[in-house]
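Only one structure is covered here, and it is reproduced in the block below.
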Amino acid sequence: MNQELDAGLKRSAAIVVFDIDGVVRDVSGSYRRALADTVEQFTQNAYRPTSQEIDLLKSEGTWNNDWEASQELVYRYFETQRSLRSSIDLNYSELVAFFQSKYRGTDSDHWTGYICDEPLLLESAYLDSLTRSGIRWGFFSGATRASANYVLEKRLGLQSPVLIAMEDAPGKPDPAGLFESVQQLENQPDLRNPVLYVGDTVADMYTVDRARTMQPDRVWIAIGVLPPHVQQTSEQIRSYTALLIQSGAATVLNNVQELTPEKVFELVQLQSTRI
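To convert, count from 1 in the sequence shown and add 3; that's our numbering.
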């Protein structure tokens, strides 16, 4: 890194906050599989949503919580069968327990579920490169704290990283959790520090838009990442990229590690000139 770029990054005191699912780890065979399993179970094996149908639901921007997304798809299935929601006997606690039995496994002390086979999408060395460039980083995710810590601490070997998880803040696109993560990353509040939030869903992009509305004096930049399950065909890539751009992404990356320190500086500079 040249001296001019290094100095520019340090002046910007940029903060990068990462979503986890679809950004740090590939959940197409875990969370999304557990979601489909759950819907199938609670529709008595009558309906199993496809990956495209799950994406379509999440494109509405309000279904970041996969337990709630599972419940919603169950309700919508029965509505197609001309049942009223009020007449559907659906126990949310039982639905969550079933989902978790698939995702974590049935042993709460020794996880054996789908989570054990999630491919990682970044390496700890990448995060080290951000630190060396003076970029602070942390995580804001709709995953449970236990699930998030499993990948961050056990799999990546991070030591108590800044993390705002499901239990700590309202669900996205409410930006409260993003604000909290930024607050923990700053030694003292400084609205001059630009914030980049990296996510893979419409809800993630909407979160940044709401943050910008609530704190207009700070630079907020939404970074989209294509989750692996939408990179199977060129048409999927084009379609999902367009969706994230339309939802507010400043740029869309194939992999989170493409957000290099140089790219961070470039995006900060570009966004700053537009204000």
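For each residue, glycine too, the CB sits at the ideal point set by N, CA and C.
Under 7 Å between C-beta atoms of Leu188 and Gly141: yes
Taking the beta carbon of Gly227 as the centre, do at least 16 other beta carbons fall within 10 Å, making it buried, or is it exposed? buried
Would you tell me roughly how many angstroms separate the C-alpha atoms of Tyr80 and Gly174, rounded to the nearest one? The alpha-carbon atoms of Tyr80 and Gly174 are separated by roughly 24 Å.
Given a cut-off of 7 Å on the beta-carbon distance, is the pair Ser54 and Glu121 in contact? No.
Tell me whether the stretch 259–267 and the stretch 59–66 touch, counting them as touching only if at least three CB pairs, one residue from each stretch, are closer than 8 Å. Contact between the stretch 259–267 and the stretch 59–66 is absent, because fewer than three Cβ pairs lie under 8 Å.
State the start and end residues of the unbroken alpha helix (DSSP H) segment that holds Leu199. For Leu199, no alpha helix (DSSP H) run applies; the uninterrupted beta strand (DSSP E) run containing it begins and ends at Val198 to Gly202, by DSSP.
If you count every other CB in all the chains shown that lies within 10 Å of the CB of Asp24, and 16 or more means buried, which is it? buried
Going by DSSP in three states, Thr254 sits in which element: helix, strand or coil? strand
According to DSSP, residues forming a beta bridge with Arg213: Answer is none; Arg213 lacks a bridge partner.
Short of 6 Å in beta carbon distance, which residues of its chain neighbour Asn67, apart from the five on each side in sequence? Order them along the chain. Excluding sequence neighbours, Asn67 sits near Gly145, Gly174, Lys175 and Ala206.
Go through its chain and collect everything with a Cβ distance to Thr276's Cβ below 6 Å, but skip five positions before and after it. none
Report back the beta-carbon spacing between Tyr153 and Ile118 to the nearest angstrom; my notes put them in contact at under 8 Å. Cβ atoms of Tyr153 and Ile118 come within 8 Å of each other, at about 6 Å.
Using the Cα positions of Arg85 and Ala39, report the straight-line distance between them to the nearest angstrom. Arg85 and Ala39: Cα-Cα distance of roughly 22 Å.
Look at the alpha carbon of Glu71 and the alpha carbon of Tyr209, and state the distance between them as a whole number of angstroms. 18 Å
Through-space distance from Ala252 to Ile167, alpha-carbon basis: Cα to Cα, the separation comes out at about 21 Å.
The beta strand (DSSP E) that contains Gly137, what's its start and end? Gly137 -> no beta strand (DSSP E), and no H or E assigned at all.
Check whether the Cβ atoms of Val42 and Leu76 sit closer than 7 Å, and answer yes or no. Result yes, Cβ atoms of Val42 and Leu76 sit closer than 7 Å.
I'd like the list of long-range same chain contacts for Leu133, defined as Cβ closer than 7 Å, with 5 residues on each side in sequence excluded. Setting aside the 5 residues that flank it on each side, Leu133 is surrounded in the same chain by Val19, Trp140 and Pro264, each with a C-beta closer than 7 Å to its C-beta; the list follows chain order.
C-beta atoms of Leu123 and Arg28 nearer than 7 Å: yes
Please classify Met217 as buried or exposed, where buried requires at least 16 other C-beta atoms within 10 Å of its C-beta. So Met217 counts as exposed.
Could you tell me whether the stretch 190–197 touches the stretch 226–243, where touching means 3 or more Cβ pairs closer than 8 Å? No: the two stretches stay apart, fewer than three of their Cβ pairs being nearer than 8 Å.
Under a Cβ-count criterion, where at least 16 other Cβ atoms within 10 Å of its own Cβ denotes burial, should Gly160 be classed as buried or exposed? exposed
Just mark Leu247 as buried or exposed, buried being the case when its beta carbon has 16 or more other beta carbons within 10 Å. buried
Residue range of the unbroken beta strand (DSSP E) whose run includes Ile18: Ile18 to Phe21
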